[in-house]
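Take a look at the structure set out below.
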Amino acid sequence: MESRKEQRYWKIQIYNGTELLYERKIQYGQITESSMNSVLRVLVAKHSLDEDEIIGCFAKKRTKIHNQLLEVTRIKNGPYGFACGDNPYAVAVVERAL
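Numbering-wise (my numbering), the sequence shown opens with residue 223 and increments by one.
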């Protein structure tokens, strides 16, 4: 019996509270972790932020308009992945194909 390399993929989900708004799976090798962090930021901005809030995310720290609404954090105590946003929020976790 031939052993096959285990397939992994990113599972991207957007939630508003407990309501799933969007889900997509992408093979793990098709996108880098850095790009995945950018994807999460863009998805959260699209689903929840206005123009001023988006601009504040890119303003210099310690300025009046700066905010951390698009900060991406690594998920702790769970599958390997990242999260962004409060509500709505987006997550991307690495899962193995069955």
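No residue lacks a Cβ here, since even glycine has one placed at the ideal position from N, Cα and C.
Segment limits, alpha helix (DSSP H) that includes Asn-309: No alpha helix (DSSP H) holds Asn-309; DSSP gives it neither H nor E.
Span of the alpha helix (DSSP H), counted from its first residue to its last, around Asn-299: Boundaries for Asn-299: no alpha helix (DSSP H) harbours it, and the DSSP string shows neither H nor E there.
Same chain, Cβ closer than 7 Å to Gly-239, neighbours up to 5 away in sequence not counted: Asn-309
Burial state of Gly-251, where buried means 16 or more other Cβ atoms lie within 10 Å: exposed
Limits of the beta strand (DSSP E) - the one that Arg-246 falls within: 241–249
First through last residue of the alpha helix (DSSP H) which encompasses Lys-268: 255–270
Where Glu-273 falls: helix, strand or coil (DSSP): If DSSP states are grouped into helix, strand and coil, Glu-273 belongs with the helices.
First through last residue of the beta strand (DSSP E) which encompasses Arg-284: Per DSSP, Arg-284 belongs to no beta strand (DSSP E) and is neither H nor E.
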